[in-house]
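Written below as structure tokens is the structure these notes are about.
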Amino acid sequence: MDVILGSQSSTLSIGSCNFPFGTFVFSRAEYRIFPRLAGGHFGGRHQLVYGVNQKGLDAVNDDEKYLFDLAGYLVLRQVLTPEDVARCNEAIDCHQEQLVPHERRFEGESKALTSPIRQLWLEGMMAWERPYCEPFRELLVQPKIQPYLSEILGGGYRLDHEPSLVAMEKGCAGHYMHGGGVERLDFSQTYMYKQGRIFCGMTVVEFMLADEGPGDGGLAIVPGGHKSNFPLPRGLHHYEEYQDYVKEIHCKAGDAVIFSEATTHGTLKWQAEHQRRTLIYRYSPRFQALARGFHADMSYPAYVEDMTGEQRQLMRPPGG
0 MDVILGSQSS
10 TLSIGSCNFP
20 FGTFVFSRAE
30 YRIFPRLAGG
40 HFGGRHQLVY
50 GVNQKGLDAV
60 NDDEKYLFDL
70 AGYLVLRQVL
80 TPEDVARCNE
90 AIDCHQEQLV
100 PHERRFEGES
110 KALTSPIRQL
120 WLEGMMAWER
130 PYCEPFRELL
140 VQPKIQPYLS
150 EILGGGYRLD
160 HEPSLVAMEK
170 GCAGHYMHGG
180 GVERLDFSQT
190 YMYKQGRIFC
200 GMTVVEFMLA
210 DEGPGDGGLA
220 IVPGGHKSNF
230 PLPRGLHHYE
240 EYQDYVKEIH
250 CKAGDAVIFS
260 EATTHGTLKW
270 QAEHQRRTLI
280 YRYSPRFQAL
290 ARGFHADMSY
300 PAYVEDMTGE
310 QRQLMRPPGG
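Heads up, the sequence shown is in numbering that gives the first Met the number 0, so the first residue is 0 and it goes up one at a time.
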């Protein structure tokens, strides 16, 4: 597997955790999240550790750990087979009417990223009827991705909030650059390395369902932005200055990109003739959440009962 070098406001505290270097308070932000799963759905509990677990140590080599720590992301080649990609795309095509322009203007005030063509978003894929739900549920526990998430997030990591499909037609508006900053007090979006271990807040996996080649636009990252000690410059935030510091990420369908939410990232305007399609899965350590919506009286929709035990483990609420 090749390795290539390459935010929302939080207001509500949900708990704290003691680390060797101090105590952090974790907060959650304005995101839609699956409600809390009622008791009895998760089955047996794993023996969990914070930081690195043995599975991660065995699977992620020193080069990969160095590159992720250096740049804040990894590109993993051929994570999905052509058959996997085809199953996802077929399911999306069969629910095309649900793919609608997002109400948000993700380019913000950026003149460089704006366009009248809006990004198309789709959620709720795991609730679709069979067989269309199956490829998206399987991605929750994608075996080539699991060791990296264990290394970055520690044992017992969980799905933070609902997976999304982003689709972009030619000329579609981008997404302003966001993220960045080392050792944030809001641990839900931070990145740090202490006493031989990575401590990372929410971590994103993008599964590419279409090629993203040179000049196409799409996912873009500021390598090393997760370690910045200064605020993101306005010109870079809008992608109107300092473009040389922004790296357009090139992938083939079936590749995956893993990056820390703290890594400065965004989306460039889409220039290719074909539709961009990327699936976004967001994971957090077992003890915290970026998204909001957890309450003891809430319950998951019925489809969770139909998941495998391994898939349900990732649907836990924080600390579950």
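Glycine residues also receive a C-beta, built at the ideal position from the N, C-alpha and C atoms.
Would you mind sorting Arg-315 into buried or exposed? The rule is 16 or more other CB atoms within 10 Å of its CB.
buried
Once you ignore the five residues that flank Gln-77 on each side, which residues in its own chain have a CB closer than 6 angstroms to its CB?
Gly-253
Bridge partner(s) assigned by DSSP for Cys-199:
Tyr-190
Separation of Asp-68 from Glu-309, as counted between CA atoms
28 angstroms
So who's on the other strand from Met-167, going by DSSP bridges?
Arg-275
Given this structure, state the Cα-to-Cα distance separating Ser-283 from Gly-123, to the nearest angstrom.
19 angstroms
Going along the chain, which residues of its own chain have a beta-carbon closer than 7 angstroms to the beta-carbon of Tyr-72, five neighbours each way excluded?
Gly-5, Ile-220, Val-256, Ile-257, Phe-258 and Thr-262
Alpha-carbon spacing of Leu-75 relative to Glu-150, whole angstroms:
15 angstroms
Can you name, in chain order, every residue of its own chain whose Cβ lies under 6 angstroms from the Cβ of Phe-132, other than the five neighbours on each side?
Rather than Phe, the amino acid found at residue 132 in this sequence is Cys. Within the same chain, Cys-132 has close Cβ partners Met-125.
Quick one: grab the DSSP three-state call for Glu-82.
helix
Give me the Cβ distance between Leu-231 and Gly-179, rounded to the nearest whole Å; I'm assuming they're in contact under 8 angstroms.
5 angstroms
Restricting to runs no shorter than 3 residues, where is the beta strand (DSSP E) found entirely within the region 84-132?
119-122
According to DSSP, simplified to helix, strand and coil, what is Ser-227?
coil
Taking all protein chains shown into account, do 16 or more other C-beta atoms lie within 10 angstroms of the C-beta of Phe-229, making it buried, or fewer, making it exposed?
exposed
How would you call Lys-251, buried or exposed, if buried means at least 16 neighbouring beta carbons within 10 angstroms?
exposed
Please state whether DSSP places Tyr-244 in a helix, a strand or coil.
helix
Can you list, in chain order, the residues of its chain with a C-beta nearer than 8 angstroms to that of Leu-98? Leave out the 5 residues immediately preceding and following it.
Ile-91, Leu-119, Trp-120, Leu-121, Leu-164 and Ala-166
How big is the Cα-Cα spacing for Gly-217 and Pro-146?
26 angstroms
Quick check on DSSP: helix, strand or coil for Asp-254?
coil
Alpha carbon to alpha carbon, how far is Pro-81 from Met-207?
11 angstroms
Between which two residues does the beta strand (DSSP E) containing Ile-220 stretch?
217-220
Burial state of Ala-185, where buried means 16 or more other Cβ atoms lie within 10 Å
What sits at residue 185 in the sequence shown is Asp, not Ala. It counts as buried.
What are the boundary residues of the beta strand (DSSP E) that includes Gly-179?
Element bounds for Gly-179: n/a, residue is neither H nor E.
Looking at the structure shown, is Gly-308 part of a helix, part of a strand, or coil, going by DSSP?
helix
Reducing DSSP to helix, strand and coil, say where Gly-239 ends up.
In the sequence under discussion, the amino acid at residue 239 is Glu, which differs from the Gly named in the question. Three-state DSSP puts Glu-239 in coil, outside helix and strand.
Strand pairing of Gly-265, partner residues [DSSP]
Ala-219
Expressed to the nearest angstrom, what Euclidean distance is found between the alpha-carbon atoms of Pro-162 and Ala-58?
25 angstroms
DSSP three-state call for Leu-148: helix, strand or coil?
helix
Let me check one thing: in DSSP terms, what residues is Leu-158 bridge-paired to?
Tyr-282
Short check: CB of His-273 to CB of Gly-212, under 7 angstroms?
no
Taking 6 angstroms as the cut-off, is the C-beta of His-101 nearer than that to any heavy atom in the ligand ADP?
Here there are no bound small molecules, and the ligand ADP is not part of this structure.
Can you tell me which residues form a DSSP beta bridge with Val-74?
Val-256
Could you name the residues of the same chain whose beta carbon sits closer than 8 angstroms to that of Gln-46, not counting the 5 residues immediately before and after it, in chain order?
Bear in mind that a pLDDT of 26 at Gln-46, under 50, signals an unreliable position, so the model cannot answer this.
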